[in-house]
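Structure, as structure tokens:
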Ligand SMILES: Cc1cc2nc3c(=O)[nH]c(=O)nc-3n(C[C@H](O)[C@H](O)[C@H](O)COP(=O)(O)OP(=O)(O)OC[C@H]3O[C@@H](n4cnc5c(N)ncnc54)[C@H](O)[C@@H]3O)c2cc1C
Ligand SMILES: Nc1ncnc2c1ncn2[C@@H]1O[C@H](COP(=O)(O)O)[C@@H](O)[C@H]1O
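Protein chains in written order, with full-length UniProt numbering: chain A, 1 to 246; chain B, 1 to 317.
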């Protein structure tokens, strides 16, 4: 079985976000990049399936410029067999999804795993667009994924609960916890990642319907009003008469 | 510009976030057609007229009482065509966003999810999206004639602007491909206030010490008609169900009031709550980082403060 895992290269979850060039570019100064946390769940589940089902290969894919390669290498260190980088700025969801779909049309995969959302764009749409372009089902956010031959059983999170589903391969899933435990690369993985194949392909032209104009930071938060622990009714008074939320 | 609004329902009732979507479309100028799928109460459908829908389409197909992404996308594609609508508005939800992705791809629309307010329309159609998990915004121009936008909670104010609408039955022929995924069963919290929809959220962290202590938070939540939430370690340890976990890797909430009890305020937790209008933090450690993100704070032991707070709220009612 062939599994494709699409991973993002995103700022560490503790990063402070800043912009440069008149609020049109993300400021990478001092920022550490990681595999998107949801993508990490997708990758961890893919590796588990590879370990469980003989003959399974896992390919990691990123649409991004050359500086995302360490993130792909980390995917290889975690256990993927090979990597593909589409050499382009991931300007918007439709552009990214079109690149992923083009790769998947060339080499059909039995299963395409992604994160439920990227933590930079937070769109939650790339899996749906890819699946529509390929004409296959998409399910997100997936909390559980088990395979039985060409059939899959999944659990999907819905507002205030869960849904259980059945679907046949191939399909696209946007993953989240607790689908698998995050995997940390070990020394052997890191060593072998250096020699695993990483293929760079040029993007295909796509007519995107969206254009970024500028970024904006939220206004700074005012200072906190502290209420003494022995005067709890004062908090209720403030919530009622000042904030007017009760 | 004719607008189609997809409204979601749960247990026969229209979701509040979907009513916000109708209000958003109305504020844009309309004309607005709302469409609902599966079993929904008639009075609920008619009431959409009050919030700005001129027309309400209802697809009463029982199979659509379950949220099947592909089937929903097929129905909406057809309805957009029949209504000559260029814009589809829906709620950014576990169903809405995946459906938006597929519909936009089918019709070649510009797509934006996580939209937080009305667009700027002087020179183009420019929407404001929340990005970096609430730490920033992006202004994005939607260039295509056709557009699909998924709204985050609180993107529009709900106002009564009209009178109940007539409900028109509507149907679309669906094929096997539309039902390629089968929903075999579901588990839903019933009768509780749903976290993503709640106006007030009472959330507990590791400082609550164990699941057996959640009673005081539930009591507070009940008094406030609030939903309950938690931090990630709390759901990881199984003290609370996964769908209550708030933050970067969990639910992003945007209530009027978020009350955080025994939560330290790690940046990953804050990422899920920074769209709240007011934040109250109760923590025994005056140095807890959460106080920096709070509007009101009490330094103290949750086990003493929470029962007092519940009493004070009851007394003030
Ligand atoms: C990639 C990544 C993603 C993550 N995503 C999330 C996420 O989505 N959501 C999330 O919540 N976390 C997330 N985390 C984890 C996050 O970093 C923190 O570890 C977590 O939020 C801490 O939870 P907590 O505040 O409940 O526990 P703690 O940090 O242990 O804090 C407990 C707090 O309770 C207080 N306390 C103790 N006893 C009392 C008492 N009797 N009365 C009052 N206060 C008391 C303490 O002073 C302390 O501040 C993520 C981490 C990573 C690395
Ligand atoms: N530039 C990219 N390269 C590879 N995969 C991506 C990229 N952007 C998004 N994805 C995948 O699509 C998922 C959803 O992303 P998004 O729609 O941006 O929230 C992510 O979790 C990734 O799995």
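Note that CB positions come from ideal geometry on N, CA and C, so glycine has one too.
In this structure, the CA atom of residue 310/B is about 7 Å from the CA atom of residue 219/B. According to DSSP, residue pairing for residue 174/A in a beta bridge involves 114/A.
Contact annotation: in the segment 111-128 of chain B, residues whose CB is within less than 8 Å of a CB in chain A are 111, 112, 113, 114, 126 and 128. With fewer than 16 other Cβ atoms inside 10 Å of its own Cβ, residue 176/B counts as exposed.
Only those residues of the segment 93-104 of chain B whose C-beta falls short of 9 Å from the nearest C-beta of chain A are listed: 93, 94, 95, 97, 98, 99, 100, 101, 102, 103 and 104.
Residues of the same chain with a CB within less than 7 Å of the CB of residue 89/B, apart from the 5 flanking positions on each side, are 3, 5, 21, 24, 25, 149 and 151 in chain order.
When the alpha-carbon of residue 301/B is set against those of 182/B, 216/B and 283/B, the nearest one is in 283/B. Boundaries for residue 274/B: no alpha helix (DSSP H) harbours it, and the DSSP string shows neither H nor E there.
Cβ atoms of residue 270/B and residue 293/B come within 8 Å of each other, at about 5 Å.
At least one heavy atom of ligand 1 lies less than 7 Å from the C-beta of residue 303/B. Listed as beta-bridge partners of residue 11/A by DSSP are 33/A. If one requires a minimum length of 4 residues, the alpha helix (DSSP H) runs lying completely within the segment 222-303 of chain B are 232-236 and 267-270, in chain order. Close to ligand 2, as judged by a C-beta nearer than 7 Å to any of its heavy atoms, are the residues 6/A, 7/A, 8/A, 36/A, 38/A, 39/A, 42/A, 61/A, 62/A, 63/A, 64/A, 90/A, 93/A, 96/A, 100/A, 114/A, 115/A, 116/A, 117/A, 118/A, 121/A, 122/A, 123/A, 124/A, 125/A, 126/A, 127/A and 174/A, in chain order. With a cut-off of 7 Å, the C-beta of residue 248/B is classified as near ligand 1, since at least one heavy atom of the ligand falls inside that distance.
Proximity of the segment 38-46 of chain A to the segment 170-189 of chain A meets the contact definition, three or more beta-carbon pairs being nearer than 8 Å. When the beta-carbon positions are compared, residue 267/B and residue 14/A come within less than 8 Å of each other. The beta-bridge partner set that DSSP reports for residue 91/B consists of 151/B. Across the set 208/A, 233/A and 50/A, the C-alpha of 208/A shows the shortest separation from the C-alpha of residue 145/B. Residue 197/A sits exposed, since fewer than 16 C-beta atoms from the chains shown fall within 10 Å of its C-beta. Taking every protein chain shown into account, the CB of residue 83/B has 16 or more other CB atoms within 10 angstroms, so this residue is buried. When C-alpha distances from residue 76/B are compared across 13/B, 17/B and 36/B, the shortest belongs to 36/B.
A straight-line Cα-Cα distance of about 11 Å links residue 78/A and residue 58/A. In this structure the segment 109-117 of chain A does not lie against the segment 49-61 of chain B, because fewer than three pairs of beta carbons, one per stretch, are closer than 8 Å. For residue 220/A, the secondary structure class from DSSP, reduced to helix, strand or coil, is coil. For residue 62/A, the uninterrupted beta strand (DSSP E) segment begins and ends at 57-63. Ligand 1 has a heavy atom closer than 7 Å to the beta-carbon of residue 272/B. Under DSSP, residue 215/A shares a beta bridge with 138/B.
Between residue 245/B and residue 178/A, the C-beta gap is not smaller than 8 Å, which leaves the two residues out of contact. Taking a Cβ-Cβ threshold of 8 Å, none of the residues of chain A is close to residue 160/B; the smallest such distance is about 20 Å. Under the three-state reduction of DSSP output, residue 226/A falls in the strand class. With respect to chain A, the C-beta atom of residue 154/B has no partner C-beta closer than 8 Å. CA-CA distance, residue 182/B to residue 167/A, rounds to 6 Å. Burial check for residue 186/A: the Cβ neighbour count within 10 Å stays below 16, so the residue is exposed. DSSP, reduced to helix, strand and coil, places residue 187/B within a strand of the structure shown. In this structure, residue 258/B and residue 276/B form a Cβ contact; the two beta carbons are roughly 4 Å apart against a cut-off of 8 Å. As a beta-bridge residue in DSSP terms, residue 204/B pairs with 230/B and 261/B.
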